[in-house]
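Read through the structure below, which is laid out as structure tokens, and then see the notes.
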Amino acid sequence: MVASRDRPRRLRWLLNALEEQTLTRERFEVVVAHDSRGEETDELLRTHPLAADGTLTAVRIAPGTGGAGANRNAGWRAAAAPIVAFTDDDCRPPPGWLESALAAARRHPGAVVQGATRPDPEELHLERAAPHAHTRRVNPPEPWGQACNIVYPRELLERLGGFVTEPAWGGEDTDLAARARREGAGYVGAPEVLTNHAVEPMTLPAHLRSLWRWQDLPAVVKRNPELRDDLPMWIFWKRTHVWLGPALAGAALARRRRRAEWTALALPWLIHTLPQQYGTGPRGRVRALSELPARAAIDLVEVAALARGSVRWRTLFL
Numbered sequence: 003m004v005a006s007r008d009r010p011r012r013l014r015w016l017l018n019a020l021e022e023q024t025l026t027r028e029r030f031e032v033v034v035a036h037d038s039r040g041e042e043t044d045e046l047l048r049t050h051p052l053a054a055d056g057t058l059t060a061v062r063i064a065p066g067t068g069g070a071g072a073n074r075n076a077g078w079r080a081a082a083a084p085i086v087a088f089t090d091d092d093c094r095p096p097p098g099w100l101e102s103a104l105a106a107a108r109r110h111p112g113a114v115v116q117g118a119t120r121p122d123p124e125e126l127h128l129e130r131a132a133p134h135a136h137t138r139r140v141n142p143p144e145p146w147g148q149a150c151n152i153v154y155p156r157e158l159l160e161r162l163g164g165f166v167t168e169p170a171w172g173g174e175d176t177d178l179a180a181r182a183r184r185e186g187a188g189y190v191g192a193p194e195v196l197t198n199h200a201v202e203p204m205t206l207p208a209h210l211r212s213l214w215r216w217q218d219l220p221a222v223v224k225r226n227p228e229l230r231d232d233l234p235m236w237i238f239w240k241r242t243h244v245w246l247g248p249a250l251a252g253a254a255l256a257r258r259r260r261r262a263e264w265t266a267l268a269l270p271w272l273i274h275t276l277p278q279q280y281g282t283g284p285r286g287r288v289r290a291l292s293e294l295p296a297r298a299a300i301d302l303v304e305v306a307a308l309a310r311g312s313v314r315w316r317t318l319f320l
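The working numbering applies: residue 3 is where the sequence shown begins, and numbers increase by one.
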């Protein structure tokens, strides 16, 4: 099951990958639910070889009205299979993905099975070149229930009523996984159920604008307070958010009082945020240090978005 909106090129690559699955074609169906504004997605879903042989079903929602939860609900409800594997239109699974997912679901009947997600190996160079690239790394089982690679029994989806649709984009997959665990369903990780996630380079301004989508995450935490058990100090989303305040205070005090020792307050934030992927050589260290102002801006915007959401939903989550 795939939720999509106006990413026909990425969706084509995903469908091509599903066409190459080792699981025999008569044992699975593909459902794409989308609310795309352009015509390219409709054309792709009409003409792709998976549609020609009856494997692919397209579900059309009014353009721009779906949201991730609504699209996914429309998709799994249109399917007939007793096991539903969710992925996103910017993923490209290897040929054994569905076969591994089915085997894991059979080993854990009635459970939610979360697979692993890695940056697409063919696009990994983009992440190294662009400091603000968007991708995903999931080491299962993680409490967030990311729907880019997760398997649900259909019976459980029906019992839970599927995904929430408010907020429209952000946290609906975490909410569903949390409700499933409260209902007593097993929640297991299956690293062998692997998919590859796209790497999308972004400019820093575009990346900062995209972070405001997280302002409704406090609503998810409010509905599922047990998620706080996995949060740093029960209220912070990321460890860098914990140490951002002391780091800013230390920088301000050092400048105002002209005492360098105040900068020690920034050390915990530096330890948690300093990029590690550039190596320990001089060039790598210089590049990592050069990215610190941008990473501070990212943390500031994330905390601001969550603070705004905390006020709206009347629960503290930063």
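Even for Gly, the Cβ is constructed at its ideal location relative to N, Cα and C.
- Runs of the beta strand (DSSP E) lying entirely within the region 80-106, each at least 3 residues long, are 85-90 in chain order.
- The straight-line gap separating the alpha-carbon atoms of F238 and R230 is approximately 9 Å.
- The beta carbon of P10 sits closer than 7 Å to the beta carbons of E42, T43 and L46 from its chain, once the five residues preceding and following it are set aside; these are given in chain order.
- Put simply, of E129, L52 and Q148 the residue whose alpha carbon is nearest the alpha carbon of F88 is Q148.
- Rounded to the nearest whole angstrom, the CA to CA distance from R108 to A118 is 18 Å.
- Three or more beta-carbon pairs separated by less than 8 Å are not found between the region 118-136 and the region 64-73, which leaves the two stretches without contact.
- Looking at the DSSP output, R39 bridges to nothing.
- In this structure, the straight-line span from the alpha carbon of W271 to that of R94 is close to 34 Å.
- Here the alpha carbon of I273 sits roughly 25 Å from the alpha carbon of P203.
- Listed as beta-bridge partners of N141 by DSSP are no residues whatsoever.
- Beta bridge pairing from DSSP links S6 with H36.
- Of the residues G98, I63, T26 and I85, the one whose Cα lies closest to the Cα of M3 is I85.
- In the DSSP annotation of this structure, the continuous segment of the beta strand (DSSP E) that includes L196 starts and ends at Y189 to H199.
- Annotation for V222: the continuous alpha helix (DSSP H) segment containing it runs L219 to R225.
- Leaving aside the five residues that flank L206 on each side, the residues in its chain whose CB is nearer than 6 Å to its CB run, in chain order, H134 and A296.
- Non-local beta-carbon contacts of P220 in its own chain, meaning distances under 8 Å to residues more than five positions away in sequence, involve L308, G311, S312, R314, W315, T317, L318 and F319 in chain order.
- DSSP links V61 through a beta bridge to A35.
- The beta-carbon distance between T197 and W99, rounded to whole angstroms, is 6 Å. This is short enough to meet the 8 Å contact definition.
- Looking at the backbone, the Cα of A113 and that of P193 are separated by about 15 Å.
- For L267, the CB contacts under 7 Å within the same chain, skipping 5 residues up- and downstream, are P248, A249, A251 and G252 in chain order.
- V153: member of the beta strand (DSSP E) spanning N151 to P155, first to last residue.
- The DSSP-derived three-state label of A19 is helix.
- Sorting R156, A103 and A80 by C-alpha distance to the C-alpha of A35 places A80 at the top.
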